[in-house]
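Going by this note's numbering, the sequence shown opens with residue 5, and the numbers climb by one from there.
To start, the structure under review is shown below, and the notes come after it.
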Amino acid sequence: MKYIPCMITIGNFICGLLAIHSLFIQDFYSAAFFIFVGMFLDFFDGMVARKLNAVSDIGKELDSFADLITFGVAPAMLAYNVGLYSIPFIGILCTLAYGTCGAIRLARYNVHQSKSPTFIGMPIPFAGICLVILSFMNNSNVLALSTCVLSYLMVSKIKFPHFKRLTVENSEVKRWEQFKN
């Protein structure tokens, strides 16, 4: 039972790899699909780990590696392949900035904030999903600007709500209230 959360996380990682593979064969919609499936798996791995009392340092690190591939590398490559390629130098810089800021954001989270009630900087899964959606707008200049904004937001000091914790805390409060009555 204690391996189930890590298996879910590995599913997220595999989705990121499949998204990148889809990009190699120019199947952009499959790439987006795999990123969204990875998001679904990422939402549940931590929740399952807490429910099964299987939270571990290895699981935390594995989650960051999976997130970097699924929400950092894959969306950046998708954005480049769909639109940023048309502005060669700027497009590559935006792609590299996004991936680098994603890695910095995950490293900073693991070191400083994993117990915090809020995120400092935009969470990489949210940034990745935003970049996937923006990639299909068919405007390279807007995509380049958006990629830079998302890169900045990931490493910024702006606070973002921690939706997973809010969901878990709210469900625990509701169960406690039912128990009291």
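Virtual Cβ for every residue (Gly too), placed ideally from N, Cα, C.
Every value quoted in this text rests on a predicted model; they were computed, and no experiment measured them.
By the criterion of a C-beta distance shorter than 7 Å, methionine 43 is surrounded in its chain by Pro129, Ile133, once the five residues flanking it on both sides are discounted. Taking C-beta atoms under 8 Å as the contact rule, alanine 101 and cysteine 152 qualify, at a distance of about 6 Å. Ranked by how close their Cα comes to the Cα of histidine 166, the residues Ser160, Asn142, Ile137, Met126 have Met126 in first place. Looking only at Tyr156, Leu138, Gly63, Phe93, the smallest Cα-Cα distance to cysteine 10 is reached by Gly63.
Under DSSP, the beta-bridge partners assigned to threonine 122 are Pro165. By the CB criterion at 9 Å, cysteine 98 and tyrosine 113 fall outside the cutoff.
Contact between leucine 110 and serine 160 is absent: CB atoms are separated by about 14 Å, not below the 8 Å threshold.
In the structure shown, isoleucine 91 falls within a coil segment according to DSSP collapsed to helix, strand and coil. Exposure of methionine 141 is indicated by the presence of fewer than 16 other C-beta atoms within 10 angstroms of its C-beta.
Aspartate 31 has its alpha-carbon roughly 27 Å from the corresponding atom of leucine 66.
Closest in C-alpha terms to asparagine 143, from the list Leu88, Ala36, Phe17, comes Leu88. If the five residues before and after isoleucine 94 are omitted, its C-beta is found closer than 7 Å to the C-beta atoms of Ala148, all from its own chain and listed in chain order.
Taking C-beta atoms under 8 Å as the contact rule, asparagine 16 and leucine 56 fail to qualify, at a distance of about 17 Å. Contact check for isoleucine 73 and leucine 154: beta-carbon distance about 17 Å, past the 8 Å limit, so the pair fails to qualify.
Counting C-beta atoms within 10 angstroms of its own C-beta, methionine 5 has fewer than 16 neighbours from the protein chains shown and is therefore classed as exposed.
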